[in-house]
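Working notes, beginning with the structure itself.
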Amino acid sequence: MTKKKTPPLSTPEETGPLDSLLHPPVSWWAREIRPVEEGFDTAIRYRLDHLTKPLGSLGRIEEVAFWYSRLHGSDRPPAPKGFCAVFAADHGVVAEGISAYPQSVTLQMVRNYLAGGAAISVLSQIHGFTLRIVDVGVNGDLGTHPALLHRKVRNGTRNFAVEPAMLPAEGLQAMEAGMELAVQASESGCSLLLTGEMGIGNTTAASALAAALLRHPPEDLTGSGAGLPPEGRLRKIRVIDQALARYRPLLASPLDWLFAVGGLEIAALAGFIIGGAVRRIPVILDGFITGAAALAAVTLIPEVRPWLLASHMSQEPGHRRILEHLGLSPLLSLDLRLGEGSGAALAYPLVVSSVELYNRMATFEEARVSQAGEG
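Counting from 1 along the sequence shown, just add 64 to a position and that's the residue number in our numbering.
Take a look at the structure:
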């Protein structure tokens, strides 16, 4: 098997101080994403249509098998081997009273992931995919753990209600951490990426980013997060509205907006998602936060879009708008709103089942079974 080329985290001319966005590594990554190969489309479709079942009777399972197979450039793709990265970071905007939980919960929940007590921890054990927790901006010390990767940029973002959440160099450093994880997953033989996140206050950052990139009013995109009462949601909308009004005359590019109102974990997720396309590995998106990261990634580099699968649609109103904009139809409808990669993890066995059914079922010819219409 030909070894995949590993992209540098920064090109030689970009290894100095990142004081501007004139030559970000993002431009190098964009040049590395090759078009999706269509050479096996006919063979994949032929096999799907000739498996021992009525035509199209496995519904979206067939659609998922086609998506995965064509992205792997094969009519007999490798069995899915999952790699889930949960990026964790804190948010300065929590100071505005936009969360039902204190910031300290981010640190506490990450410790719970590492102890095996969280939903994503249990799901990784059940379904056998690799789980890595990545600290890109948690406000606290997590110590050491085999599943923990320290990539801390700073102890959380700044309060974007007062000043931009990140400096360009900080945002790019977080994106590079995400790219690094995609490369690591590829080099360990994984063939499917799962996205996850943790960060108290990150629905506010995701709503602000979605409002900026989709050019929709914040009230159409902003929900109650982890349980805000109605007055809390209104305060959250007001904070986002005021921030967008402040930054709109100054900002233009998607990268500007990602760094101004996003989160370190959202920037890292965008890098991870772009990394999937660079390394030619399909990506299962989780919920609203990872959807906002995907929106940023696709707005920056449209060629990322074919590599994405939406696991579910969360109860956050902005998630529906994002998926509609990206042209993605969620695989599951479970009213999830947990985050941390739980939706992607629940969709993972369906993707595994889709590919294994495609690879292992017999065709009519192989099974010597007559097809409909044959004598």
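Virtual Cβ for every residue (Gly too), placed ideally from N, Cα, C.
| Item | Value |
| --- | --- |
| Identity of the residue in ASN203, PHE323, ALA241, MET377 nearest GLN172 by Cα | ASN203 |
| As assigned by DSSP and simplified to three states, the class of ASP350 | coil |
| Distance between beta carbons of PHE336 and MET243, contact taken as under 8 angstroms | 7 angstroms |
| Buried or exposed (CB count within 10 angstroms, at least 16 for buried), TYR422 | buried |
| 6 angstroms CB neighbourhood of VAL347 in its chain, flanking five on each side removed | LEU257, ILE337, GLY340, TRP371, LEU372 |
| Element boundaries [beta strand (DSSP E), containing ALA374] | 372-374 |
| Touching by the beta-carbon criterion (3+ pairs, under 8 angstroms), the region 227-239 and the region 122-130 | no |
| Beta-carbon gap between MET230 and LEU328 smaller than 8 angstroms | yes |
| Nearest neighbour of LEU298, chosen from ILE264, TYR311, LEU322, THR268 [CA to CA] | THR268 |
| Where GLU261 sits in the DSSP three-state scheme | strand |
| Neighbour-count burial assignment, GLY170, 16 or more Cβ in a 10 Å radius | The residue asked about is misnamed: residue 170 is Thr in this sequence, not Gly. So THR170 counts as buried. |
| 6 angstroms CB neighbourhood of SER185 in its chain, flanking five on each side removed | TYR177 |
| Nearest-angstrom Cα separation, counted from GLU227 out to VAL100 | 40 angstroms |
| Pairwise C-alpha distance: ALA360 and LEU333 | 10 angstroms |
| PRO381 versus SER406 - alpha carbon distance | 18 angstroms |
| Inter-residue spacing [alpha-carbon to alpha-carbon] between PRO313 and ILE330 | 23 angstroms |
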